[in-house]
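S.K.: Sequences listed follow chains A and B, in order. Count along the first sequence from 1, then add 114; that gives the number in our numbering. Count along the second sequence from 1, then add 114; that gives the number in our numbering. C-beta: ideal position from N, C-alpha, C; glycine also. Before anything else, here's the structure in question.
There are 2 protein chains.
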Amino acid sequence: MHLAAFLNAGPQGTVGWRHPDAGDGFLDAEHYVQIARILEDACFDLAFVPDSLAVPRSLGDTFDPAVRWGTGTPRLDPLPVITIMAAATRHLGLAATVSTGYHEPYNLARTFATLDHLTGGRAGWNVVTSFQDAEAQNFGQDALPDRTARYDRAEEFLEVTARLWDSWSDDVLIRDKGSGTFGRPEEVSAIDHDGAHFRVRGPLGVPRPPQGYPVVIQAGASPSGRDFAARWADVIFCSHESLESAVDFARDIRARVAARGRDPEQVRILPAATTVVGSDARDARRRHGEFVDLVAPEAGLSRMAYHVNVDLTEYDLDGPLPELEEVGVDGHYREILEFARREELTIREIGKWYGARTEGNMVGSPTDIADTMERWLEAGAADGFMIQATHVPAAFGDFAGEVVPELRRRGLIRSDYSGTTLRDHLGLRRPEPGEWRQRAGSQRSKELS
Amino acid sequence: MHLAAFLNAGPQGTVGWRHPDAGDGFLDAEHYVQIARILEDACFDLAFVPDSLAVPRSLGDTFDPAVRWGTGTPRLDPLPVITIMAAATRHLGLAATVSTGYHEPYNLARTFATLDHLTGGRAGWNVVTSFQDAEAQNFGQDALPDRTARYDRAEEFLEVTARLWDSWSDDVLIRDKGSGTFGRPEEVSAIDHDGAHFRVRGPLGVPRPPQGYPVVIQAGASPSGRDFAARWADVIFCSHESLESAVDFARDIRARVAARGRDPEQVRILPAATTVVGSDARDARRRHGEFVDLVAPEAGLSRMAYHVNVDLTEYDLDGPLPELEEVGVDGHYREILEFARREELTIREIGKWYGARTEGNMVGSPTDIADTMERWLEAGAADGFMIQATHVPAAFGDFAGEVVPELRRRGLIRSDYSGTTLRDHLGLRRPEPGEWRQRAGSQRSKELS
Numbered sequence: 115m116h117l118a119a120f121l122n123a124g125p126q127g128t129v130g131w132r133h134p135d136a137g138d139g140f141l142d143a144e145h146y147v148q149i150a151r152i153l154e155d156a157c158f159d160l161a162f163v164p165d166s167l168a169v170p171r172s173l174g175d176t177f178d179p180a181v182r183w184g185t186g187t188p189r190l191d192p193l194p195v196i197t198i199m200a201a202a203t204r205h206l207g208l209a210a211t212v213s214t215g216y217h218e219p220y221n222l223a224r225t226f227a228t229l230d231h232l233t234g235g236r237a238g239w240n241v242v243t244s245f246q247d248a249e250a251q252n253f254g255q256d257a258l259p260d261r262t263a264r265y266d267r268a269e270e271f272l273e274v275t276a277r278l279w280d281s282w283s284d285d286v287l288i289r290d291k292g293s294g295t296f297g298r299p300e301e302v303s304a305i306d307h308d309g310a311h312f313r314v315r316g317p318l319g320v321p322r323p324p325q326g327y328p329v330v331i332q333a334g335a336s337p338s339g340r341d342f343a344a345r346w347a348d349v350i351f352c353s354h355e356s357l358e359s360a361v362d363f364a365r366d367i368r369a370r371v372a373a374r375g376r377d378p379e380q381v382r383i384l385p386a387a388t389t390v391v392g393s394d395a396r397d398a399r400r401r402h403g404e405f406v407d408l409v410a411p412e413a414g415l416s417r418m419a420y421h422v423n424v425d426l427t428e429y430d431l432d433g434p435l436p437e438l439e440e441v442g443v444d445g446h447y448r449e450i451l452e453f454a455r456r457e458e459l460t461i462r463e464i465g466k467w468y469g470a471r472t473e474g475n476m477v478g479s480p481t482d483i484a485d486t487m488e489r490w491l492e493a494g495a496a497d498g499f500m501i502q503a504t505h506v507p508a509a510f511g512d513f514a515g516e517v518v519p520e521l522r523r524r525g526l527i528r529s530d531y532s533g534t535t536l537r538d539h540l541g542l543r544r545p546e547p548g549e550w551r552q553r554a555g556s557q558r559s560k561e562l563s
Numbered sequence: 115m116h117l118a119a120f121l122n123a124g125p126q127g128t129v130g131w132r133h134p135d136a137g138d139g140f141l142d143a144e145h146y147v148q149i150a151r152i153l154e155d156a157c158f159d160l161a162f163v164p165d166s167l168a169v170p171r172s173l174g175d176t177f178d179p180a181v182r183w184g185t186g187t188p189r190l191d192p193l194p195v196i197t198i199m200a201a202a203t204r205h206l207g208l209a210a211t212v213s214t215g216y217h218e219p220y221n222l223a224r225t226f227a228t229l230d231h232l233t234g235g236r237a238g239w240n241v242v243t244s245f246q247d248a249e250a251q252n253f254g255q256d257a258l259p260d261r262t263a264r265y266d267r268a269e270e271f272l273e274v275t276a277r278l279w280d281s282w283s284d285d286v287l288i289r290d291k292g293s294g295t296f297g298r299p300e301e302v303s304a305i306d307h308d309g310a311h312f313r314v315r316g317p318l319g320v321p322r323p324p325q326g327y328p329v330v331i332q333a334g335a336s337p338s339g340r341d342f343a344a345r346w347a348d349v350i351f352c353s354h355e356s357l358e359s360a361v362d363f364a365r366d367i368r369a370r371v372a373a374r375g376r377d378p379e380q381v382r383i384l385p386a387a388t389t390v391v392g393s394d395a396r397d398a399r400r401r402h403g404e405f406v407d408l409v410a411p412e413a414g415l416s417r418m419a420y421h422v423n424v425d426l427t428e429y430d431l432d433g434p435l436p437e438l439e440e441v442g443v444d445g446h447y448r449e450i451l452e453f454a455r456r457e458e459l460t461i462r463e464i465g466k467w468y469g470a471r472t473e474g475n476m477v478g479s480p481t482d483i484a485d486t487m488e489r490w491l492e493a494g495a496a497d498g499f500m501i502q503a504t505h506v507p508a509a510f511g512d513f514a515g516e517v518v519p520e521l522r523r524r525g526l527i528r529s530d531y532s533g534t535t536l537r538d539h540l541g542l543r544r545p546e547p548g549e550w551r552q553r554a555g556s557q558r559s560k561e562l563s
């Protein structure tokens with residue numbers, strides 16, 4: 115069972131910064147070093163930093179609520195953050211989110227190759243295509259391109275980066291001081307990529323990364339996201355409301371991976387788990403209740419407005435939710451409305467509820483949480499979990515101190531690192547040079563068929 | 115007097131990797147950590163990492179010589195490299211080169227703001243516009259845009275990044291856990307930039323950097339480069355063949371700075387100094403001779419081909435240099451040819467000489483080198499030096515161990531850090547919010563006049 119930690123390079127969630135035990139050092143290196151050490155002491159496979167390329171805007175197209183409540187801002191650049199964490203550790207894998215929409219493949223390939231060398235093979239890249247218009251507007255666009263266009267660019271982006279990582283064979287460097295011969299030019303190749311989105315001649319200015327390709331992480335839940343993940347991802351990060359939907363998702367992903375000629379056992383599926391640990395179930399519920407109490411209803415409503423484009427602060431906060439047509443995506447507001455009616459919640463109460471929502475809640479004693487995790491593993495829903503913290507560093511400390519010993523006792527997780535690279539930790543083999551052909555090639559065949 | 119260190123994130127110069135005392139760890143974090151500690155122990159103001167976004171190509175448009183001789187490749191991404199160095203130090207300033215030609219201002223502004231926060235105000239950005247066609251070809255272009263176009267983009271790039279750094283006032287964050295108020299939205303502003311090269315709405319997703327703006331470094335020697343530096347640069351890095359040309363350059367730069375309404379005392383001019391230290395002048399010359407002996411003539415000719423577009427390997431290496439018309443830029447081959455004739459050097463000998471060339475050579479005893487530096491300071495040619503090493507880490511160790519004590523004895527450099535930020539070390543004040551207006555504004559007035 116694999117453990118990853120989900121860590122914002124800024125305040126956590128809607129309200130994590132406000133927790134009495136939350137550190138406020140998210141602009142300081144020491145904060146990230148402290149968390150990295152907790153995770154490495156607990157033998158986590160990796161820490162994972164999400165990202166967003168804008169201060170979130172919600173209704174009225176304003177960033178005021180995000181700044182006022184600290185929801186989604188600030189966000190430091192994840193790359194320097196994981197580099198600082200790497201410098202403080204020896205084994206922990208480190209993954210940063212970088213958008214294919216607003217970067218150049220040459221730069222991105224070089225950055226991750228550099229990081230993989232400097233960390234001895236511990237780098238991971240979480241590939242996203244961005245999802246806010248506010249992000250697009252920081253890069254010369256009026257609005258985000260549609261999903262098809264974004265994934266089309268992402269596919270080509272991955273092909274280019276993989277080819278650049280392969281542009282030096284594993285045997286270029288000689289460094290023979292005697293003869294003065296530094297490297298073998300015949301083991302370095304231009305890539306001469308000329309595609310719909312990118313023209314890149316290559317080669318990369320950095321030797322092939324220790325891991326061949328850095329570990330590729332992906333979290334797309336849509337059909338195009340799943341296809342993309344099936345082609346390129348080593349680790350798939352997801353979130354599910356139930357064990358059943360998690361099992362269905364895992365089955366679907368593994369089928370898509372196999373259909374592309376890749377080994378389904380070489381993909382790790384990590385559902386989100388926000389753990390709140392107590393001495394027993396009652397104590398854990400109390401702790402969770404204290405966390406929920408921190409949520410200002412307006413902060414939750416602002417987060418909801420950001421997600422579903424509904425501004426309920428215009429209504430009486432102590433009244434019921436209004437019937438609204440055509441808002442949000444995928445019927446998300448409809449679900450919220452039905453939930454509010456069923457539970458007889460006011461707008462204020464829904465704001466509190468929404469702001470306190472975390473992904474894959476596991477509230478209980480260490481035994482309860484280990485039981486749940488074990489059940490998900492046995493059902494084939496997960497290869498491990500992406501642990502999310504209500505507040506940091508303390509909630510990671512709780513998990514490491516309370517749940518990790520129980521998982522070790524059951525023999526579910528390691529008590530020491532056996533390998534050196536992130537691929538080693540995850541049990542993933544090192545990609546062969548040229549493996550991009552198989553991946554990108556299967557996409558091309560599909561388009562031709 | 116200010117000390118900066120010039121450090122490739124790869125092999126040094128044409129032949130530095132081949133020196134018997136050179137470390138070969140340029141892909142490893144430990145190599146950079148070791149150098150960072152040498153520099154911090156010697157109280158350097160900063161370390162500076164140059165960059166190039168391609169494997170250099172020379173005649174025949176091939177990267178073969180660069181790989182075979184290790185000239186200009188590999189080049190790690192400087193940003194993770196300086197982040198690793200920052201994590202190992204507490205005072206040393208860290209500057210990375212990033213091109214305005216092939217990055218996005220939002221990303222760049224956020225990366226440096228992040229680094230400035232994580233290092234407590236020790237970040238510097240060396241602004242370049244790139245200079246090789248091989249770089250352009252990794253980013254969808256056939257060839258490098260001309261100098262005017264490159265500087266035009268760079269001007270707008272700097273305006274956008276400065277405005278993004280100012281998009282949060284210094285007083286946004288409240289973080290009042292009691293009331294749940296995180297920040298003051300009225301202290302955060304969109305920038306709504308709409309220019310010839312960039313449309314960026316803002317605000318940045320990161321608070322104003324500790325230094326206001328990270329330290330801006332620039333090395334352009336052309337008139338447009340000098341104007342750019344006069345508007346934006348805090349530190350100017352240059353290279354001179356003689357004290358006279360250095361004095362002229364410094365006088366010209368300070369006049370340009372003053373003409374733009376900036377204080378000429380708030381710009382630091384750091385000429386390159388490649389120091390080879392011996393117990394006396396004769397010992398130093400012997401050491402320099404040993405270094406020169408390492409240069410394979412073909413490696414020097416390949417470097418020359420890269421710089422002046424002349425491939426002399428097609429001729430008899432033991433014959434004289436051919437008379438060639440219209441090669442290289444600014445008559446550079448003509449100078450080389452005249453030098454070869456005057457000194458009666460063969461092509462092979464010129465290859466050796468060219469490959470061993472380093473910038474601002476200072477070969478001598480610690481007293482000799484300190485004398486030269488002092489003379490340059492007194493003549494107004496320099497505010498300090500950009501120390502280059504023939505090989506690393508050893509040559510930095512030689513400088514730190516032999517020359518630094520002599521400079522300290524003379525009271526020319528500090529023996530401890532008094533401030534905390536890179537601006538403190540350099541004696542530069544923190545820019546006020548809105549200072550971009552003065553800088554970019556003067557450019558606009560100039561265009562209108």
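(1) Give the DSSP-derived three-state secondary structure of E549 of chain A in the structure shown.
(2) Opposite T176 of chain B in the DSSP bridges: which residues?
(3) Give the residues of chain A in contact with S166 of chain B, contact being defined as C-beta atoms less than 9 Å apart.
(4) Leaving aside the five residues before and after V181 of chain A along the sequence, list all residues of the same chain whose C-beta is less than 8 Å from its C-beta, in chain order.
(5) How about P385 of chain B and C352 of chain B: are their beta carbons less than 8 Å apart?
(6) Pick out whichever of B:D266, B:W239, B:E358 has its Cα sitting closest to the Cα of Q332 of chain B.
(7) Quick check: is the beta carbon of Q322 of chain B nearer than 8 Å to any beta carbon in chain A?
(8) One question on the structure: do I152 of chain A and F453 of chain A come within less than 8 Å of each other, judged by their Cβ atoms?
(9) Of all the options B:S172, B:R376, B:A508, which has the alpha carbon lying nearest to the alpha carbon of R401 of chain B?
(10) I'd like to confirm something about H402 of chain B: is its beta-carbon nearer than 7 Å to some heavy atom of the ligand MN, or not?
(11) Can you list the residues of chain A that D512 of chain B reaches, using a CB-CB cut of under 7 Å?
(12) Kindly list the residues whose CB is nearer than 6 Å to the CB of L229 of chain A, restricted to its own chain and excluding five residues on each side of it in sequence; keep chain order.
(13) With distances taken between CB atoms, is the gap from V361 of chain B to V371 of chain B smaller than 8 Å?
(14) Using a Cβ distance threshold of 8 Å, determine whether the region 124-137 of chain B contacts the region 307-319 of chain B, with at least three qualifying pairs required.
(15) Which ranges does the alpha helix (DSSP H) cover as unbroken runs of at least 4 residues, wholly within the region 297-381 of chain B, from first to last along the chain?
(16) Kindly indicate the opening and closing residues of the beta strand (DSSP E) around W490 of chain B.
(17) Report the option in B:V242, B:R522, B:F513 whose CA atom is closest to the CA atom of I149 of chain B.
(18) Please list the residues of the region 177-188 of chain B that have a C-beta atom closer than 9 Å to any C-beta atom in chain A, keeping them in chain order.
(19) Per DSSP, which one or two residues make a beta bridge with P385 of chain B?
(20) Quick check on the burial criterion: 16 or more other C-beta atoms within 10 angstroms. Buried or exposed for S393 of chain A?
(21) Does the Cβ of S172 of chain B have 16 or more other Cβ atoms within 10 Å, making it buried, or fewer, making it exposed?
(22) Please go through the same chain and pick out, in chain order, the residues whose beta-carbon is closer than 6 Å to the beta-carbon of G184 of chain A, but skip the five residues on each side of it.
(23) Just curious, the beta strand (DSSP E) that M500 of chain B is in, first and last residue?
(24) Hey, quick one: how far does the alpha helix (DSSP H) through R151 of chain A stretch, first residue to last?
(25) Does DSSP put A202 of chain B in a helix, in a strand, or in coil?
(26) Exposed or buried, what is G334 of chain B when buried is set at 16 or more other beta-carbons lying within 10 Å of its beta-carbon?
(27) What does DSSP give as the partner residue(s) for F162 of chain A in the beta ladder?
(28) Can you name the residues of chain B whose CB is closer than 9 Å to the CB of Q148 of chain A?
(29) Rounding to the nearest angstrom, what Cα-Cα distance links R522 of chain A and S529 of chain A in this structure?
(30) Using a Cβ-Cβ distance under 8 Å, would P194 of chain B count as near chain A?
(31) Going along chain B, which residues have a C-beta under 7 Å from T295 of chain A?
(32) Can you look up G127 of chain A in the DSSP assignment and give me helix, strand or coil?
(33) Go through its chain and collect everything with a Cβ distance to S119 of chain B's Cβ below 7 Å, but skip five positions before and after it.
(34) Are the beta-carbon atoms of A200 of chain A and L232 of chain B separated by less than 8 Å?
(35) Going by C-alpha distance, which of A:D135, A:D497, A:H446, A:Y429 is nearest F363 of chain A?
(36) I'd like to know whether the C-beta of E273 of chain B is nearer than 8 Å to at least one C-beta of chain A.
M.R.: Answer, in terms of the structure:
(1) helix
(2) B:S172
(3) G319
(4) V169, T187
(5) yes
(6) B:W239
(7) It is worth fixing the name first, because residue 322 of chain B is Arg in this sequence and not Gln. It does not: the Cβ of R322 of chain B has no partner Cβ on chain A nearer than 8 Å.
(8) no
(9) B:A508
(10) Ligands are entirely absent from the displayed structure, and the ligand MN is therefore not among its contents.
(11) The premise fails here: D512 of chain B is roughly 19 Å from chain A at the closest Cβ pair, so nothing lies under 7 Å.
(12) A237
(13) no
(14) no
(15) 337-346, 357-373
(16) From DSSP, W490 of chain B is part of no beta strand (DSSP E) but of the alpha helix (DSSP H) over 480-492.
(17) B:F513
(18) F177, D178, P179, A180, V181, R182, W183, G184, T185, G186, T187, P188
(19) B:C352
(20) exposed
(21) buried
(22) P125, W131
(23) 498-502
(24) 143-155
(25) coil
(26) buried
(27) A:F120, A:A209
(28) Residues of chain B passing the Cβ test: none, with the nearest at roughly 13 Å.
(29) 7 Å
(30) yes
(31) R182
(32) coil
(33) Checking the sequence, you will find Ala at residue 119 of chain B rather than Ser. Once the five neighbours on either side are set aside, the close Cβ partners of A119 of chain B are L153, F158, A161, F162, I501, F510.
(34) no
(35) A:D497
(36) no
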